[in-house]
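What follows is a single structure, written as C-alpha cells, with notes after it.
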Amino acid sequence: MTITGKQAFTVMIAASFASTIGGLPFNSLPILLGSLADSFSLSPQQTGFLGSACFAGFFVGTLAAVFIISRFCWRKLTVFAALAASTALLLSSFAPVQLQMPLWAVIGFFAALMTCLGLRIMGEMANKERALGLRQGIELGVTALVLFILPAFVTVYYGYQGTAIALVMIILGLSLSAIFLPQGTSSDEAGPGLREQMRLPGIAWLALFVFFLFGAGNIGLWAFLERMGNSLELAPAELGTVFAVLKLLGGAAAFVIAIVGDRLGMRVPYLVVLVVTLAGLMLLWQADSFLSFAFGAWIWEVGFTWGCVYQTATVARLDPQGRAIMLIPAAFALSSMVGPALAGMLVAESYLPLLLMALASTVIAVAIFGGVMAQRVRRGVPEPMEVAPVADVL
445 MTITGKQAFT VMIAASFAST IGGLPFNSLP ILLGSLADSF SLSPQQTGFL
495 GSACFAGFFV GTLAAVFIIS RFCWRKLTVF AALAASTALL LSSFAPVQLQ
545 MPLWAVIGFF AALMTCLGLR IMGEMANKER ALGLRQGIEL GVTALVLFIL
595 PAFVTVYYGY QGTAIALVMI ILGLSLSAIF LPQGTSSDEA GPGLREQMRL
645 PGIAWLALFV FFLFGAGNIG LWAFLERMGN SLELAPAELG TVFAVLKLLG
695 GAAAFVIAIV GDRLGMRVPY LVVLVVTLAG LMLLWQADSF LSFAFGAWIW
745 EVGFTWGCVY QTATVARLDP QGRAIMLIPA AFALSSMVGP ALAGMLVAES
795 YLPLLLMALA STVIAVAIFG GVMAQRVRRG VPEPMEVAPV ADVL
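Numbering-wise (our numbering), the sequence shown opens with residue 445 and increments by one.
What follows is the structure, encoded as C-alpha cells:
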C-alpha cells in the first residue's frame with residue numbers, strides 16, 4: 445500500500461508526532477537518568493544499568509514491532525503505547541530502586557514500537573525521502589524544544605518527579621495524533637506469521653547491515669564528541685552551545701530533505717553525504733578552538749543526519765512490504781551499543797583512530813548504497829528470501 449493524495453501530508457504530520465513519542469524518552473535519556481540519579485542517590489553503576497535496560501527494551505521492541513504492527517490497529521496501538529510508556533514513567537518517579545530496571549525496559553520497549561510505527565507509515569509514502577525527512581525534522585525539533593525547557597524550567601526545581609510528569613503530559617499530548625493516523629491492520633484480522641514477517645529480500649538484509657556499520661562508526665564519534673571538546677579546554681557554556689545548536693541543525697537538515705524529496709535520484713545524495721561528512725571530520729581533526737570544533741561538529745551532524753534519512757529511504761524501497769524499515773531502529777540500537785564500546789578502545793592516545801572509524805564507515809555506506817543498492821532499486825525489488833534461523837531464534 446502506498447499512501448498518496450491530499451491526506452498524505454496530514455498522515456505524515458500525525459505519524460511524525462507518533463514517532464516522536466518513541467524518540468522523546470530515548471533522546472532525553474541523559475536528562476532523565478541524571479535527575480533520577482540525583483533524586484534517588486544512585487551510584488554511577490546503577491545509573492548506567494538503567495540506561496542499558498532502556499536500550500535493551502528498545503532493542504526488543506524493534507524486533508517485536510515487525511510482528512505487532514502488522515496485526516493491530518495503528519490508532520489503538522499508538523494510544524496504548526503512549527499510555528503504557530507514560531504509566532511506566534510515572535511509576536519510576538516513586539518506585540523503589542529494585543523496580544527501576546524493569547520499568548525502564550518497559551519505557552524503551554514501547555518507545556521502540558512508536559518509532560517503528562512512524563517509520564512503517566512513512567515507508568508507505570510515495571516520496572519516501574520527503575516523508576522521512578519531515579519525520580526526522582519534527583522529531584528532532586520537538587526534542588530540541590523539550591531539551592531546552594525541561595532542564596532549565598522543570599528539572600532544576602522539581603527534580604525527577606517533575607521531569608517525569610512533564611514528559612508524560614507531552615507524550616499524552618502527542619498521542620492525540622492517533623486520530624489522524626491510518627487505521628492500519630484491524631485488530632481482529634489475522635496477520636502473517638512471524639517467520640513470514642522476517643522474510644526479507646537478501647539485499648534488504650545487506651542494507652540493514654551496512655546501516656549498522658554506518659551507525660556504529662558515527663555514533664562512536666558522537667559518544668566521545670564531548671570528550672573531544674573537553675580536551676580543547678572548552679568551557680561548559682561553550683560545549684552546551686555546541687550541542688544545543690547541533691540538535692537544531694540536525695532537525696533543519698532533515699527538513700531540507702523533506703523539501704528536496706527524491707529529486708536528486710539514488711546516487712547524488714550519497715556523494716553529498718560523503719563530502720559533507722568528510723568536511724566535518726577534517727574540521728574536527730584540525731580543531732584548536734571553540735569555533736573550529738563547533739563548525740566541525742555541526743557540519744558532521746548534518747552529514748550524519750542526511751546519511752541516516754537517505755539510507756532509511758533506500759531500505760524502504762528494497763522491501764515494499766514495509767518490514768525491513770521497521771528493523772532500522774534495531775540496527776540503530778545495536779550501533780548505539782557497539783559504536784561507543786569500540787570507540788572507547790580506539791581513543792587511548794589520540795582521537796584520530798575514532799575519526800578514521802567514522803570516515804571508513806561512511807565511505808563503506810556511501811559506496812554500497814550509492815552503488816549496489818541504487819542499481820537494485822532501479823532494476824526492481826527481488827523476491828524475499830527465507831531467513832529461517834532468524835525466525836526460529838525469535
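For glycine and all other residues, C-beta sits at the position ideal for the given N, C-alpha and C.
Only a predicted model underlies this, so the values are computations on that prediction, with no experimental measurement involved.
Three CB pairs or more closer than 8 Å across the region 466-475 and the region 737-748: Counting Cβ pairs under 8 Å, fewer than three are found: no touch.
Compare the Cα-Cα distances from S472 to each of G603, V590, F813 and R643 and report the closest residue. Stepping through the sequence shown from its first residue, residue 472 is reached at position 28. If we check each option's Cα against that of S472, V590 comes out closest.
Can you name the residues that DSSP bridges to G628? Stepping through the sequence shown from its first residue, residue 628 is reached at position 184. Residue pairing of G628 in beta bridges, as defined by DSSP: C517.
Closer than 6 Å by C-beta to I812: which residues in its own chain qualify, once you throw out the five before and the five after it? Chain order, please. On the sequence shown, residue 812 is found 368 positions in, with the first residue counted as 1. Only V654 meet the Cβ criterion.
How would you label G673, buried or exposed, when you count the other beta carbons within 10 angstroms and need 16 or more for buried? Numbered from its first residue, the sequence shown carries residue 673 at position 229. G673 comes out buried.
At which residues does the alpha helix (DSSP H) containing I614 begin and terminate? Locating residue 614 in the sequence shown gives position 170, counting from the first residue. Counting along the chain, the alpha helix (DSSP H) containing I614 begins and ends at V600 to L618.
Use the C-beta contact count for S514: other C-beta atoms within 10 angstroms, 16 or more gives buried, fewer gives exposed. For the purposes of this step, residue 514 is taken as residue 70 along the sequence shown, with counting starting at 1. Label assigned to S514: buried.
Quick one: any contact between the region 662-670 and the region 704-715, if contact means 3 or more CB pairs under 8 Å? With the rule of 3 Cβ pairs closer than 8 Å, the region 662-670 does not count as touching the region 704-715.
Looking at chain D, is there any beta carbon in it that lies within less than 8 Å of the beta carbon of S536? Protein chain content of the structure displayed is limited to a single chain, and chain D is not contained in it.
Close beta carbons around A660, own chain, < 7 Å, minus the five adjacent residues each side: By one-based count along the sequence shown, residue 660 stands at place 216. Here the set comprises S779, V782, G783, L786 and S805.
Below 7 Å CB to CB, which residues in the same chain sit around P540 once its five sequence neighbours on both sides are set aside? Your numbering for residue 540 matches position 96 in the sequence shown. Taken in chain order, the list of residues that qualify is empty.
Own chain, CB closer than 6 Å to G577, minus 5 neighbours either side, in chain order: As a first step, residue 577 is located in the sequence shown; it is residue number 133 there, counting from the start. Same-chain partners within the cutoff: A698, I701, A702 and V753.
Can you round the beta-carbon distance between A575 and M456 to whole angstroms, since I take them to be within the 8 Å contact cut? The residue labelled residue 575 in the question sits at position 131 within the sequence shown. The residue labelled residue 456 in the question sits at position 12 within the sequence shown. About 5 Å separates the beta carbons of A575 and M456, which is inside the 8 Å limit, making them a contact pair.
Taking 8 Å as the cut-off, decide whether the C-beta atoms of A760 and K520 are in contact. On the sequence shown, residue 760 is found 316 positions in, with the first residue counted as 1. On the sequence shown, residue 520 is found 76 positions in, with the first residue counted as 1. In this structure, K520 does not lie closer than 8 Å to A760 by Cβ.
Segment limits, alpha helix (DSSP H) that includes G740: If you number the sequence shown from 1, residue 740 lands on position 296. That run of the alpha helix (DSSP H) goes F734 to L762.
In three-state DSSP terms, what is D706? Residue 706 sits at position 262 when you count from the first residue of the sequence shown. In this structure, D706 counts as coil in the three-state DSSP scheme.
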